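These notes concern the structure reproduced below.
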Ligand code: NDP
Ligand code: GDR
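In UniProt numbering, the protein residues as written are 1 to 370.
Rendered as structure tokens:
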């Protein structure tokens, strides 16, 4: 039985990857941070009682900023594959916590590579590094491929640039099977609530149910190449199953603006939205509501701009060239953007109905829609 160790197992990708690897017959080990509340919501369905004689999911407390625990866990687990997914992954927040982001996202990767080297596991353990399309930053060329030059535009992207190159360096210096997956944005019903797609699908579900009036957004002109996280975790695994360690772009090859994503998501609840005005004065107005279940009056202004969400330096356009992963890995996504939006909206409408039911019953529900 192969053993995989996943850092960032409690995150969106960690949850889908655990499920995927368990189905493949792996024994999955995960590193979770200690938190004052339970933070394992996304993987609770995979949880097994620690008193069971054999488990295919085992969690260890740890943190990427602490090399002692990484060395201990890697020594104990002796993994065949490590997926380094842990990171302070929010681009906007990285401007507020730049030093911590560099430590966790940049030096954290070095700590894992160094642990493998010190423990003499360079021939046994393969490593996947969660690299990102944010490395491309300021547009140099489109579509962006493995050969496109990097120009990071945030403390997050700069930290990930270090992680990218230290992975390449350890591969070349110590002959390690270490690979970067340069993944473009991927989303799902498990996406963190403050990333733009999930913020939009949650807010629209709440607006449709009369629980929220307005969705405030930042730069709606930004364009992203959005895929489904379920498809992308499969690519991570494929990258480590090749004969040679290499770096791969994982993307759909199609880009869409934030504004168009908003329109598509409203479309899922039968609402036609039109945008008026420009810049900070742009508003999204209900043109027509074709769904009798949702009572949103025509003419209601439901989307507005809040400059608080602008970034000091923005990444305006991402569009990936997945030719290498299509050809070498045989990887092709199953979800297109319409199917992704549908999946996210169906899930959030259900969740928000549950919240509404609890609220009506006098219970306190999360009322946070940053
Ligand atoms: P999430 O933010 O959902 O998950 C991040 C995970 O990292 C969480 O489990 C979090 O733990 C953990 N984590 C954060 N800081 C530390 C730390 N110091 N030590 C240990 N664990 C830590 O991210 P995603 O699942 O979306 O992304 C996975 C990885 O892929 C990240 O590295 C991200 O930067 C990268 N990436 C993501 C893309 C995307 O579109 N989703 C695209 C390209 C790259 P906790 O639950 O306790 O917060
Ligand atoms: P991104 O994702 O920065 O691409 O990083 P995010 O969803 O946060 O932003 C995408 C684009 O939408 C614009 N935007 C807003 N973003 C947020 N979060 N909130 C808003 O209100 C808002 N309004 C407009 C942003 O300015 C941006 O242009 C994600 C993360 O998962 C990274 O970890 C990963 O590396 C990259 O994707 C690929």
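For glycine and all other residues, C-beta sits at the position ideal for the given N, C-alpha and C. All of these numbers come straight from a predicted model, not from anything done at the bench.
May I ask you to list the residues that DSSP assigns as paired with residue i?
i, result
"residue 275", "284"
"residue 195", "Per DSSP, none; premise fails for residue 195."
"residue 4", "28 and 81"
"residue 256", "224"
"residue 298", "Its beta-bridge partners do not exist; DSSP assigns none."
"residue 178", "127"
"residue 304", "216 and 283"
"residue 144", "320"
"residue 373", "Because the chain spans 1 through 370 in this model, residue 373 falls outside it and cannot be assessed."
"residue 249", "182"
Helix, strand or coil, according to DSSP, for residue i in the structure here?
i, result
"residue 60", "strand"
"residue 190", "coil"
"residue 169", "helix"
"residue 215", "strand"
"residue 55", "coil"
"residue 356", "helix"
"residue 139", "coil"
"residue 318", "coil"
"residue 100", "helix"
Determine, using beta carbons only, whether residue i and residue j come nearer to each other than 7 Å.
i, j, result
"residue 171", "residue 348", "no"
"residue 177", "residue 245", "yes"
"residue 14", "residue 143", "no"
"residue 104", "residue 167", "no"
"residue 231", "residue 334", "yes"
"residue 115", "residue 204", "no"
"residue 233", "residue 16", "yes"
"residue 276", "residue 214", "no"
"residue 269", "residue 338", "no"
"residue 34", "residue 61", "yes"
"residue 286", "residue 296", "yes"
"residue 69", "residue 22", "no"
"residue 315", "residue 137", "yes"
"residue 156", "residue 101", "yes"
"residue 133", "residue 91", "no"
"residue 365", "residue 355", "yes"
"residue 306", "residue 195", "no"
"residue 302", "residue 200", "no"
"residue 1", "residue 19", "no"
"residue 152", "residue 158", "yes"
"residue 186", "residue 218", "no"
"residue 206", "residue 88", "no"
In its own chain, which residues sit with a C-beta less than 6 Å from the C-beta of residue i, not counting the 5 before and 5 after it?
i, result
"residue 40", "10"
"residue 30", "6, 9 and 59"
"residue 225", "184, 251, 252, 255, 318, 319 and 320"
"residue 81", "4, 126 and 240"
"residue 289", "271 and 296"
"residue 376", "No answer is possible for residue 376: the residues shown for the chain start at 1 and end at 370."
Excluding the 5 residues flanking residue i on each side, which residues of the same chain have their C-beta closer than 8 Å to its C-beta?
i, result
"residue 322", "249, 250, 251, 252, 253 and 331"
"residue 191", "12, 197, 198, 229 and 344"
"residue 131", "160, 163, 164, 167, 180, 181, 182, 183 and 247"
"residue 117", "170, 174 and 176"
"residue 188", "12, 16, 228, 229, 230, 340, 343 and 344"
"residue 32", "9, 10, 39, 40, 59, 60, 61 and 62"
"residue 145", "249, 320, 321, 323 and 324"
With a cut-off of 8 Å on the beta carbons, I'd call residue i and residue j a contact; round off their distance for me.
i, j, result
"residue 220", "residue 258", "5 Å"
"residue 238", "residue 329", "4 Å"
"residue 73", "residue 119", "No, residue 73 and residue 119 are not in contact; Cβ-Cβ is about 11 Å, not under 8 Å."
With a CB to CB cut of under 7 Å and the five nearest residues on each side skipped, what residues in its chain are close to residue i?
i, result
"residue 109", "84, 129, 163, 166 and 167"
"residue 325", "235, 248, 249, 250 and 331"
"residue 79", "3, 4, 5, 29 and 125"
"residue 111", "64, 67 and 70"
"residue 122", "116, 174, 175 and 176"
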